[in-house]
Amino acid sequence: MSSTIAAISTPQAAGGIGVIRISGDDAIAIASRVFRSKAGHRLEDMPGYRATLGVVEANGEAVDEAVCLIFRAPRSYTGEDVAELSCHGGLFVLQRVLRAVFEAGAEPAGPGEFTRRAFLNGKMDLTEAEGVMGIISAQGEQAAKAALNTLDGALSRKISGICRSVVEVCAALSAWVDYPDEDIEEMSEDEIEEKLTGAKAELEKLLSRFDAGQAITEGVNTAIVGKPNVGKSTLMNMLTGYNRSIVTKVAGTTRDVVEETVRLGDVVLRLADTAGIHDTKDEVESIGVNMAKEKLERSSLILAVFDSSREIDEEDEKILGYCKGKNCIAIINKSDLEEKLDESRLGGFVEASVKISAENGSGYDELKEAVEKMLGTDKLDPSAAMLTTERQRRAAVKAAECLDEALSALKCGMTLDAVNVSADCAVQALLELTGEKASDAVVDEVFRNFCVGK
Ligand code: GDP
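Residue 95 in our numbering sits at position 94 of the sequence shown, and the numbers go up by one each step.
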């Protein structure tokens with residue numbers, strides 16, 4: 002028998018409606034202790050998917066008018082009996098109703114506990130639970146679509162398909178290894194190789210899309226670099242100006258690293274406007290310059306800013322040197338002024354260049370397109386299966402490595418037992434990905450970031 006939990010499921014702010022969700026074996030009995038239906042319905046007698054208007058009472062006093070919605074196990078979000086009280090969304094009222102629900106016997110729900118129960122009751126697998134979190138945190142249309150698709154089971158179905166074909170190989174190999182004299186239908190070595198290679202290719206395809214997926218969901222660490230006065234701060238303002246609502250200022254003086262999160266089209270950039278990278282004897286300034294260099298090393302995207310009204314000098318060349326071989330876009334700023342910069346001198350150092358005027362905002366769309374192209378988000382299909390979390394990526398990498406070992410063992414002519422051990426290791430990693438065989442620690446990791454009430 003599970004304990005019955007309750008929490009406010011809507012945001013902790015005033016709103017038109019606030020929902021208190023109660024889930025567990027006693028959910029309906031507990032709701033009936035605090036809620037009186039105006040039409041005289043007994044909640045205990047109501048079937049699932051029914052709602053009734055009534056009054057929430059605490060210590061015999063009316064607290065709010067509310068609608069009580071009943072779900073009967075297993076047909077509910079958690080798979081348990083659920084009662085939801087839709088109250089007026091005032092924070093005081095919601096807290097008061099929640100207290101009454103606790104006094105009537107419910108326990109406070111932990112972060113993500115409703116979704117955790119849905120997972121434990123087989124209503125969704127671990128990737129789908131992560132999809133729930135993705136929808137809540139989505140900052141753009143593509144991210145929301147991708148998360149909804151994950152919640153709908155696209156990744157789950159893809160991984161299960163891959164897992165099935167490796168399990169078939171394991172079954173055939175186990176039969177040979179354990180019963181070599183029996184007449185068991187054989188799978189030829191060619192067939193085994195074909196299945197393992199196919200499974201590995203599918204995983205590699207998923208992994209190759211991971212970075213682009215992260216760019217639309219979690220965001221990309223991006224450094225804005227350039228010598229002083231080329232317009233880095235102005236570019237930062239131009240980018241944040243388009244999206245003030247999601248800007249978060251983390252730190253900084255002008256000699257420090259200032260961080261903001263902005264959306265450029267569907268891509269989320271975690272921007273760091275760094276102190277100009279240049280040689281300096283000023284002790285405080287040199288700390289900023291060193292931080293800028295460090296930031297550069299940790300960034301997945303570099304926006305290197307140059308002043309188009311000046312010729313490229315030694316300092317610019319030094320910055321170009323840092324960019325070589327990295328995902329770097331040259332931003333040729335101040336395009337509103339007479340051009341003196343020789344663009345051909347950027348060749349070989351940066352992958353792409355865009356002309357903008359950070360001051361008047363021109364070139365924004367070109368910059369957006371260049372970023373989307375460099376990160377591969379322009380070709381991303383949010384309706385395809387996608388690995389969306391680092392946990393999922395780690396499990397997929399582990400499975401691909403095990404398949405690689407199995408294939409090497411097969412090609413080197415090692416015993417089929419050795420091939421089987423590696424193939425089985427791939428199956429275990431795939432089952433961990435979907436959560437069918439995930440340890441408590443892995444499940445805890447997934448739900449740690451959920452909010453209370455979800
Ligand atoms: P930072 O030191 O690289 O951060 O450079 P700032 O953003 O502080 O800009 C340095 C100077 O260049 C300021 O006077 C800006 O107004 C000017 N500036 C920046 N962007 C542009 C631009 O697109 N056109 C023009 N004409 N001036 C710009």
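For each residue, glycine too, the CB sits at the ideal point set by N, CA and C. Small disclaimer: the values here were computed from a predicted structure and weren't measured.
Measure the CB-CB distance between residue i and residue j and report whether it falls below 8 Å.
i    : j    : result
I303 : K327 : yes
A107 : L86  : no
V98  : V133 : no
V268 : L376 : yes
I71  : I29  : yes
S157 : A200 : no
A359 : C329 : no
G113 : K455 : yes
M237 : G362 : no
V170 : I136 : no
T198 : L408 : yes
Q140 : R22  : no
P109 : A14  : no
S4   : V20  : no
E344 : V355 : no
E195 : L411 : no
E457 : R394 : The requested residue 457 is not part of the displayed model; the chain covers only 2 to 455.
Excluding five sequence neighbours on each side, which residues of the same chain lie with their C-beta closer than 8 Å to the C-beta of residue i?
i    : result
A430 : A396, A397, K399, A400 and C403
L342 : F307, D308, S309, S310, R311, E312, I313 and I333
V168 : V428
G17  : H89 and G90
A119 : Y78, T79, G80, M125 and A130
K374 : A353
With burial defined as no fewer than 16 other Cβ atoms inside 10 Å of the residue's Cβ, what is the status of residue i: buried or exposed?
i    : result
L54  : exposed
E295 : exposed
Y78  : buried
I320 : buried
N150 : buried
L338 : exposed
E187 : exposed
C413 : exposed
F451 : buried
S33  : buried
G266 : buried
P383 : buried
G61  : exposed
F115 : buried
A40  : exposed
D153 : exposed
D441 : exposed
G220 : buried
Beta-carbon within less than 6 Å of residue i's beta-carbon, same chain only, minus the 5 sequence neighbours each way: which residues are those?
i    : result
E81  : S24, G25 and A74
R117 : F448
L381 : A213
N122 : G80
K159 : A386
T390 : E131
V57  : V35, F36, V64, D65, A67 and V98
F350 : L321, C324 and K325
S38  : T53 and G55
G436 : D126 and L127
I163 : A200 and E203
V83  : S24, A28, F72 and S77
Under the criterion of a Cβ to heavy atom distance below 7 Å, does residue i qualify as lining the ligand NAP?
i    : result
T389 : No copy of the ligand NAP appears in this structure; the ligands present are the ligand GDP.
Once the 5 residues before and after residue i are set aside, which same chain residues still bring their CB inside 7 Å of it?
i    : result
A439 : L127 and E433
S161 : T435
A419 : A410
Checklist entry - Do three or more CB pairs link the stretch 134-145 to the stretch 209-228 at distances below 8 Å? => result yes
Checklist entry - Is it a yes or a no for the stretch 223-237 touching the stretch 263-274, going by three-plus beta-carbon pairs under 8 Å? => result yes
Next on the checklist: Within 8 Å, do at least three Cβ pairs link the stretch 41-61 to the stretch 109-129?
Outcome noted: no
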